[in-house]
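Numbering (our numbering), first residue to last: -9 to 122. Encoded as structure tokens, the structure appears first; notes follow it.
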Amino acid sequence: MLVRTEAVRQVPSEPARVRVRCAVGTAVVLWHGAPEDVGREHHVEWTVDEDIVWAANTRPAASGPPGFLEDGEHIVFRGRLSPTGDGTALLDVSGALLLFELAVPPPPDGVDAAWVEVRVGKENVGLWPYRL
């Protein structure tokens, strides 16, 4: 996913954060790139260190559009969920694939490629820049 990063006020005792903007959303997340790369466009990989817990942090969504937004201390991702069969699932958010572990109980049958919203803590969402 191609995004633009912007500097935000840093707290010295906390990990680096950036505001990320793209066509499908805006949010402040952890930054795993070099400090001097903030303020530029990057292709990024999203990481989310939180499991999908059906009916707790994940729920069906009526439909698209795909995207993400900041909601208080959470980031809400909307996309199509595809369980992989090995205890994980991929969430397709406008072409960016986010890998999630599935907590017990797993999502109900019939959610393959279904629209969902996944609500996770901001402190668990990070961006890793990469070059194509």
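The C-beta atom is built at its ideal place from N, Cα and C for all residues, glycine as well.
Cβ neighbour criterion (16 or more within 10 Å) applied to Val38: As a first step, residue 38 must be located in the sequence shown, where it is residue number 48. Val38 is buried by the Cβ-count criterion.
Helix, strand or coil for Asp27, going by three-state DSSP, please let me know. For the purposes of this step, residue 27 is identified with residue 37 of the sequence shown, where counting begins at 1. The answer is helix: DSSP assigns Asp27 an H, G or I state.
Residue ranges of each beta strand (DSSP E) run of no fewer than 3 residues wholly in the segment 44 to 79, ordered along the chain? 48 to 50, 57 to 61 and 64 to 73
Give a yes or no on whether 7 Å exceeds the smallest Cβ distance from Glu60 to chain B. Of the chains in the structure shown, none is chain B; there is only one protein chain.
Cβ-Cβ separation, Val(-2) to Arg11 (assumed contact under 8 Å), whole Å: As a working mapping, residue 11 is identified with position 21 in the sequence shown. As a working mapping, residue -2 is identified with position 8 in the sequence shown. Contact flag wrong, Cβ pair sits at about 12 Å.
Can you find at least 3 beta carbon pairs, one from the segment 104 to 113 and one from the segment 62 to 71, that sit closer than 8 Å? yes
Within its chain, find whatever has a CB closer than 7 Å to the CB of Pro5; leave out the 5 residues flanking it on each side and keep chain order. Within the sequence shown, numbered from 1, the residue matching residue 5 stands at position 15. Contacts found: Leu20.
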